[in-house]
Amino acid sequence: MKIEACIFDLDGVIVDTARYHYKAWQKIATDLGFDFTEEMNETLKGISRYDSLTQLLKFGQIQKSHEEKLELCKVKNDIYLDSLSEMDESAILPGVTKFLTELDNANIKIALGSASKNAIKVLDLIGIKDSFGVIIDGNGVTKSKPDPEVFLIGAERLKVSPQKTIVFEDSDKGLDAAIAGGFITVGIGNDENLGKADYVMPGFENVSFDHLLSVLPL
Ligand code: B16
Ligand code: MG
Numbered sequence: 012m013k014i015e016a017c018i019f020d021l022d023g024v025i026v027d028t029a030r031y032h033y034k035a036w037q038k039i040a041t042d043l044g045f046d047f048t049e050e051m052n053e054t055l056k057g058i059s060r061y062d063s064l065t066q067l068l069k070f071g072q073i074q075k076s077h078e079e080k081l082e083l084c085k086v087k088n089d090i091y092l093d094s095l096s097e098m099d100e101s102a103i104l105p106g107v108t109k110f111l112t113e114l115d116n117a118n119i120k121i122a123l124g125s126a127s128k129n130a131i132k133v134l135d136l137i138g139i140k141d142s143f144g145v146i147i148d149g150n151g152v153t154k155s156k157p158d159p160e161v162f163l164i165g166a167e168r169l170k171v172s173p174q175k176t177i178v179f180e181d182s183d184k185g186l187d188a189a190i191a192g193g194f195i196t197v198g199i200g201n202d203e204n205l206g207k208a209d210y211v212m213p214g215f216e217n218v219s220f221d222h223l224l225s226v227l228p229l
């Protein structure tokens, strides 16, 4: 099978923002009076802001109205945006830039498939927006991961089939979305959380596209 495209998740794959989302949610939980652990946070990765809050409130066994939830989402986003204020290209995860260049040289199409409504802002801050031929973010979907919509729209815009496209994801929900869409999957993180992917690696450092092609079940 010849690979024609790659679709990248943003937070936790391209850039080190997953920890800022976690810190912001931790602050919300602390203010609500409970501890928000890393294990709990793992279940929030890849899902929309509102769905994340719904999940967080479940952990704290707290009821809020829709309006209160919208307000808490705003507070969380303000905390998150504050933490981005000093962000620049140094936040790009190791090996990512080199890997993207290698794809480009090999004429592999490249898209972004993120749940984040802040994706364009983050890409601008780290100066990497032009690397993506197509960008699908939280503003362009109606259904949150684990629904495959974000990746299917990405593949459609790139004019490639999911079977010839690799999705890179750091979250369980994101992998579910890619698998449901029929994509080839690479988990970015550890095997324990992402074992359902076709291949799992800690990141892009010292990883070449050719190597990846040799280890994926194509
Ligand atoms: P925002 P990704 C996701 O981005 C994050 O993993 C998730 O933690 C976050 O809640 C979601 O974006 C929404 O982000 O609040 O910025 O709209 O991993 O799909 O790139
Ligand atoms: Mg992610």
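In terms of my numbering, the sequence shown is residues 12 to 229. Backbone N, C-alpha and C fix where the C-beta goes; we use that ideal spot for every residue, glycine too. Just so you know, these numbers come straight off a predicted model, no measurement behind them.
Inter-residue CB distance, residue i and residue j (contact presumed, cutoff 8 Å)
i, j, result
"Phe-45", "Gly-71", "4 Å"
"Gly-57", "Ala-126", "6 Å"
"Ile-199", "Phe-179", "6 Å"
"Thr-196", "Cys-17", "The pair is not a contact, with the Cβ atoms about 11 Å apart (cut-off 8 Å)."
"Leu-104", "Ile-25", "6 Å"
Residue i in three-state terms, based on DSSP
i, result
"Leu-123", "strand"
"Ile-139", "coil"
"Met-51", "helix"
"Ala-16", "strand"
"Ile-164", "helix"
"Thr-65", "helix"
"Gly-185", "helix"
Candidates the options: closest to residue i by CA position
i, options, result
"Asn-116", "Ala-166, Leu-136, Ser-155, Ser-219", "Ser-219"
"Asp-158", "Leu-186, Lys-140, Ser-225", "Leu-186"
"Asp-202", "Lys-69, Asp-181, Glu-216, Phe-215", "Asp-181"
"Ile-14", "Val-107, Ile-90, Asn-129, Phe-194", "Phe-194"
Residues near residue i by beta carbon distance below 6 Å, same chain, minus five either side
i, result
"Gln-37", "Phe-47"
"Val-152", "Glu-160, Val-161"
Other residues of its chain near residue i: CB distance less than 7 Å, five sequence neighbours each side excluded
i, result
"His-77", "none"
For residue i, the first and last residue of its enclosing alpha helix (DSSP H)
i, result
"Glu-216", "Unbroken run through Glu-216: none, as it is neither H nor E."
"Ile-39", "29-43"
Residue interval of the beta strand (DSSP E) (run including residue i)
i, result
"Val-197", "195-199"
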